[in-house]
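Trainee: Quick one: the structure is below, and I'll ask about it shortly.
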Amino acid sequence: METMIDSRMIMTDFLAALFDKLDVAAVAAMSKLPSGEKAAYTLFTDKSGLKECVPFFPAMPANAARAISKLTREEAPSKTVAVFLRPCELRALTELIKIKQASLDNLLIISYDCSGVFPFQKINLSDETKLNAYQDAVSTGKNSEGIRPVCAACTRFTPRGADIAISIVGRSADQPLVLSFPSEKGQTAAKQLGLDVSKTVEASPAVESLARERKTAEEALTEQVNESLSGAQGLVNIFDRCISCHACSYVCPICYCKNCYFDSQTFEYFPESYFTRMTAKGTLRMPVDRVLFHLGRLSHMGISCVACGMCEDVCPVNIPVSQIFKTAGSKAQAVFDYIPGENSDDPLPLLAYAENELEEFED
Ligand code: SF4
Ligand code: SF4
Ligand code: SF4
1 METMIDSRMI
11 MTDFLAALFD
21 KLDVAAVAAM
31 SKLPSGEKAA
41 YTLFTDKSGL
51 KECVPFFPAM
61 PANAARAISK
71 LTREEAPSKT
81 VAVFLRPCEL
91 RALTELIKIK
101 QASLDNLLII
111 SYDCSGVFPF
121 QKINLSDETK
131 LNAYQDAVST
141 GKNSEGIRPV
151 CAACTRFTPR
161 GADIAISIVG
171 RSADQPLVLS
181 FPSEKGQTAA
191 KQLGLDVSKT
201 VEASPAVESL
211 ARERKTAEEA
221 LTEQVNESLS
231 GAQGLVNIFD
241 RCISCHACSY
251 VCPICYCKNC
261 YFDSQTFEYF
271 PESYFTRMTA
281 KGTLRMPVDR
291 VLFHLGRLSH
301 MGISCVACGM
311 CEDVCPVNIP
321 VSQIFKTAGS
331 KAQAVFDYIP
341 GENSDDPLPL
351 LAYAENELEE
361 FED
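Just so we're aligned, residue 1 is where the sequence shown starts under my numbering, counting upward by one.
Structure follows, in structure tokens:
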């Protein structure tokens with residue numbers, strides 16, 4: 001962990017200082033929606049709307065890396081944009097940069113240690129009791145009841161690659177922000193903010209205690225998913241109730257293809273093809289290729305899955321998609337000793353694959 005300082009700034013001062021002292025053209029963060037119930041990732045172009053800004057609201061209406069990819073993919077913004085990202089969103093962004101789907105130019109990345117989010121449908125801004133209980137859990141370094149299973153088992157909840165990191169876990173909401181500035185851009189920002197970086201603050205022991213709880217939960221989740229995946233029928237049974245809506249791929253930050261292969265003409269069949277398959281099997285469930293879609297998606301992007309939970313959040317039939325992708329993805333990542341989004345200098349294994357690698361799997 002980088003040196004942390006007690007900035008003496010509360011959140012509203014910090015947000016205003018981004019415009020006043022860092023002269024950013026926009027701040028990208030979660031904002032309350034007019035309905036007053038939900039929040040959405042939003043670009044604020046001046047200070048006037050910041051009272052609606054709720055950067056730590058524990059929901060993920062979209063993986064923000066997708067939004068930042070859209071903002072930067074064609075060309076870098078002409079002026080600096082300060083971007084709030086959760087650690088898994090930042091890791092997804094790092095993966096997208098590796099495949100040239102996003103750029104860091106003129107972005108100031110602000111991230112924080114993350115206590116997780118609730119399923120999007122299950123949290124509203126008006127849920128005071130739930131939000132208070134969540135805040136209690138944050139300040140004591142515990143998993144809050146009701147957060148998504150992948151969040152409760154997320155061991156990579158501290159930011160990697162941020163310019164400014166905010167320490168949340170172990171602190172109450174009304175305390176001044178504890179900040180660190182791990183990058184050169186961040187160091188410059190600290191100077192512009194006029195912060196005294198000589199008075200350092202110790203990391204809260206709550207971070208360690210949350211890490212321990214998460215590790216235990218991750219082991220339990222891995223065991224449970226491995227058990228349900230075992231046997232020839234494991235995967236088929238898990239995706240039994242899948243309705244092939246493909247929503248899980250549409251929201252995945254790593255599934256960036258504009259025209260998904262599985263929605264392409266390749267998967268449009270003539271009747272004869274259905275008759276052949278039907279005759280071979282006796283019956284044929286429609287639509288076809290349900291499990292193939294998931295296997296294909298796993299092979300396309302599993303190595304870069306950052307276990308953000310978006311796919312599971314949107315599944316209309318409650319399939320634990322992200323728990324499966326987290327577990328299966330981790331296995332593929334371990335083979336290549338690769339942690340997605342951990343280090344921007346680590347090349348993607350499938351791009352750096354050497355001819356003589358993994359020979360042990362050839363026979
Ligand atoms: S997976 Fe959950 S806990 Fe982990 S960084 Fe993302 S939102 Fe936070
Ligand atoms: S597969 Fe699911 S958990 Fe993994 S990165 Fe995509 S949306 Fe996130
Ligand atoms: S979101 Fe759920 S139902 Fe839709 S394709 Fe994915 S797993 Fe199947």
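Where a beta carbon is used, it is the ideal one built from N, C-alpha and C, also for glycine.
In whole angstroms, what separates the C-alpha of Ala82 from that of Gln333?
Mentor: Looking at the two C-alpha atoms, the distance is approximately 31 Å.
Trainee: Within its chain, find whatever has a CB closer than 7 Å to the CB of Tyr338; leave out the 5 residues flanking it on each side and keep chain order.
Mentor: Ile303, Asp346, Pro349
Trainee: Should Phe84 go down as buried or exposed, given a rule of 16 or more other Cβ atoms within 10 Å for buried?
Mentor: Flag for Phe84 reads buried.
Trainee: What's the gap between the Cα of Thr327 and the Cα of Ile319?
Mentor: So the two alpha carbons sit approximately 14 Å from each other.
Trainee: Restricting to Cα atoms, I'd like to know which of Asn132, Ala153, Lys185 is closest to Glu223.
Mentor: Ala153
Trainee: Per the DSSP calculation, Val201 is bridged to which residue(s)?
Mentor: Met4
Trainee: Could you give the residue range of the beta strand (DSSP E) that holds Phe44?
Mentor: 39-44
Trainee: Can you confirm whether Leu71, when its beta carbon is compared against all beta carbons of chain D, has any partner nearer than 7 Å?
Mentor: Within the model displayed, chain D is absent; a lone protein chain is all it includes.
Trainee: Taking Ala137 as part of the alpha helix (DSSP H), name the residues at either end of that continuous run.
Mentor: 128-140 is the span of the alpha helix (DSSP H), which, as asked, contains Ala137.
Trainee: Confirm the yes/no value for this check: CB of Ala62, any heavy atom of ligand 3, distance under 6 Å.
Mentor: no
Trainee: Would DSSP call Ser48 helix, strand or coil?
Mentor: helix
Trainee: Would the beta-carbon of Ile5 be found less than 6 Å away from any heavy atom of ligand 3?
Mentor: no
Trainee: Do the region 39-52 and the region 227-236 touch if we need at least three Cβ pairs shorter than 8 Å?
Mentor: no
Trainee: Could you check what DSSP says for Met301 in three-state terms: helix, strand or coil?
Mentor: helix
Trainee: When you compare only the Cα positions, how much space is there between Ala371 and Asp6?
Mentor: The structure shown does not extend to residue 371, since the chain is modelled only from 1 through 363, so no value can be given for it.
Trainee: Using a Cβ-Cβ cutoff of less than 6 Å, which residues in the same chain neighbour Cys88 once the five nearest sequence positions on both sides are dropped?
Mentor: Val306, Cys308
Trainee: Val225 by DSSP, collapsed to three states: which one?
Mentor: In this structure, Val225 counts as helix in the three-state DSSP scheme.
Trainee: Taking Asp113 as the reference, give the member of Asn143, Leu125, Asn106 with the closest Cα.
Mentor: Asn143
Trainee: Can you list the residues near ligand 1, meaning Cβ strictly closer than 5 Å to any non-hydrogen atom, in the order they appear in the chain?
Mentor: Every residue whose Cβ sits closer than 5 Å to any heavy atom of ligand 1 is listed here in chain order: Arg86, Pro87, Cys88, Cys114, Gly116, Val117, Cys151, Cys154, Phe157.
Trainee: Helix, strand or coil: how does DSSP classify Tyr274 here?
Mentor: helix
Trainee: Could you tell me which residues DSSP pairs with Phe84 in its beta bridges?
Mentor: Ile110
Trainee: Between the alpha carbons of Thr129 and Phe267, how many angstroms are there, rounded?
Mentor: 48 Å
Trainee: Among Val207, Lys32, Glu37, Asp127, which one has its Cα closest to the Cα of Ser115?
Mentor: Val207
Trainee: Assign Pro158 to one of two classes, buried (16 or more other C-beta atoms within 10 Å of its C-beta) or exposed (fewer than that).
Mentor: First, the amino acid is wrong: residue 158 is Thr here, not Pro. Buried, by the Cβ-count rule.
Trainee: Excluding five sequence neighbours on each side, which residues of the same chain lie with their C-beta closer than 8 Å to the C-beta of Ser204?
Mentor: Gly141, Ser167, Val169, Gly170, Arg171
Trainee: For ligand 2, is there a heavy atom less than 6 Å away from the beta-carbon of Ile254?
Mentor: yes
Trainee: Considering only their Cβ atoms, is the gap separating Arg297 from Ser249 smaller than 7 Å?
Mentor: yes
Trainee: Is any heavy atom in ligand 2 found nearer than 6 Å to the beta carbon of Cys260?
Mentor: no
Trainee: For Leu193, which residues from the same chain have a beta carbon less than 6 Å from its beta carbon, with the 5 sequence-adjacent residues on both sides left out?
Mentor: Ala17, Lys21
Trainee: How close, in whole Å, do the beta carbons of Ser183 and Asp163 come, if the pair is a contact with beta carbons under 8 Å?
Mentor: Contact between Ser183 and Asp163 holds: their C-beta atoms lie close to 5 Å from each other, under 8 Å.
Trainee: When you compare the region 60-73 with the region 251-262, are there three or more beta-carbon pairs, one atom per stretch, that lie closer than 8 Å?
Mentor: yes
Trainee: So, are the CB atoms of Gln323 and Val178 less than 7 Å apart?
Mentor: no
Trainee: What does the alpha-carbon distance come out to for the pair Leu104 and Val314?
Mentor: 28 Å
Trainee: Out of curiosity, what's the CA-to-CA distance linking Met60 and Lys191?
Mentor: 32 Å
Trainee: Along the alpha helix (DSSP H) that carries Lys122, what are the first and last residues, could you check?
Mentor: Neither: Lys122 is in no alpha helix (DSSP H) and is coded neither H nor E.
Trainee: Count the C-beta pairs between the region 19-38 and the region 120-128 that are closer than 8 Å, then say yes if the count reaches three, no if not.
Mentor: yes
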